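Peer 1: Numbering-wise, the sequence shown is residues 0 to 215 according to numbering that gives the first Met the number 0.
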Amino acid sequence: MEYLTVPLGQHRLPKLPYSYNALEPVISTRVLEIHHSQHHKAYVEGLNKAELKLAEARQKRDYSLVKHWEREIAFHGSGHILHSIYWTSMAPAGKRWETPGAQTHKFIIDYFGSLIAFQEQFSEGAINVEGSGWTSLVWQPGWGRLEILTIEKHQDFYQAGSIPLLVIDVWEHAYYLDYLSKRKDYVRSWWQIVNWAAVEKRLILAMSGQMPLVIN
Numbered sequence: 000m001e002y003l004t005v006p007l008g009q010h011r012l013p014k015l016p017y018s019y020n021a022l023e024p025v026i027s028t029r030v031l032e033i034h035h036s037q038h039h040k041a042y043v044e045g046l047n048k049a050e051l052k053l054a055e056a057r058q059k060r061d062y063s064l065v066k067h068w069e070r071e072i073a074f075h076g077s078g079h080i081l082h083s084i085y086w087t088s089m090a091p092a093g094k095r096w097e098t099p100g101a102q103t104h105k106f107i108i109d110y111f112g113s114l115i116a117f118q119e120q121f122s123e124g125a126i127n128v129e130g131s132g133w134t135s136l137v138w139q140p141g142w143g144r145l146e147i148l149t150i151e152k153h154q155d156f157y158q159a160g161s162i163p164l165l166v167i168d169v170w171e172h173a174y175y176l177d178y179l180s181k182r183k184d185y186v187r188s189w190w191q192i193v194n195w196a197a198v199e200k201r202l203i204l205a206m207s208g209q210m211p212l213v214i215n
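1) How about residue 150 and residue 133: do their beta carbons lie closer than 8 Å?
2) Closest to residue 72 by C-alpha separation, out of 13, 130, 210 and 46, would be which residue?
3) Who are the Cβ neighbours of residue 139 in its own chain at under 6 Å, not counting the five residues just before and after it?
4) Out of curiosity, what's the CA-to-CA distance linking residue 53 and residue 60?
5) Quick check: the region 170–181 against the region 23–43, are there 3 or more CB pairs under 8 Å?
6) What residue from 37, 76, 7 and 48 has the CA that sits closest to residue 212's CA?
7) Roughly how many angstroms separate the alpha carbons of residue 13 and residue 85, rounded to a whole number?
8) Assign residue 36 to one of three DSSP states: helix, strand, or coil.
9) Check the DSSP bridge columns for residue 28 and list the partner residues they point to.
Shown next as structure tokens:
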């Protein structure tokens, strides 16, 4: 198995696999462009800075700052990873699968009982995340099945070892300009643009221990 090694402090903002207006009317051009080109970019820059600063602290043996920069890496790194997966979790009509693939469907039915039960739990998790955060469908290799996690901020309430397959961003910058305070409307509408093809690919890769940020 070959792995892509990202050099220290050289993470890059991934290109969107579609145009900024491709997800309308669920997500507007303005929101998508600001979210990707400003918010996600800031997490990439924050991660690069934190990695370089931590390396500098190690070299100088200035361990008083290690805890700070490790926290910054956790926050910005998780933000970069989750945003990258969020973009591939969605796709415009004609470029996505409208229903889960065979493996995804099997594991959803095995654990949640039905697609409706899965979607209801996922949606309720997203609607009720306290403050800013995410809801994620993950592959948990420790027990060989799917799980739904609600993640506050980017890294809180995360389950060690889990590999995200499908994520929704419920930080206000993801929806407020389009839906104001109606997070529930955003979450319910979001299912219209879910890209089940990417979820299927991520699941198959996750089962062999892989988690690429970009899915082709």
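No residue lacks a Cβ here, since even glycine has one placed at the ideal position from N, Cα and C. Since the structure is predicted, the reported quantities are computational estimates derived from the model, not experimental observations.
Peer 2: Quick look at the numbers:
1) As a position in the sequence shown, residue 150 is number 151, starting the count at 1. As a position in the sequence shown, residue 133 is number 134, starting the count at 1. Cβ atoms of residue 150 and residue 133: closer than 8 Å.
2) The residue given as residue 72 occupies position 73 in the sequence shown. The option with the nearest alpha carbon to residue 72 is 46.
3) On the sequence shown, position 140 is the one that residue 139 refers to. Within the same chain, residue 139 has close Cβ partners 146 and 161.
4) If you number the sequence shown from 1, residue 53 lands on position 54. If you number the sequence shown from 1, residue 60 lands on position 61. Cα to Cα, residue 53 sits roughly 10 Å from residue 60.
5) yes
6) Within the sequence shown, numbered from 1, the residue matching residue 212 stands at position 213. The shortest C-alpha separation from residue 212 is found at 76.
7) Along the sequence shown, one-based indexing puts residue 13 at 14. Along the sequence shown, one-based indexing puts residue 85 at 86. Cα-Cα distance, rounded: 12 Å.
8) Position 37 of the sequence shown holds residue 36. Looking at residue 36 - three-state DSSP - the assignment turns out to be helix.
9) Within the sequence shown, residue 28 is the residue found at index 29, counting from 1. In the DSSP output, where bridge partners are listed per residue, residue 28 has none listed.
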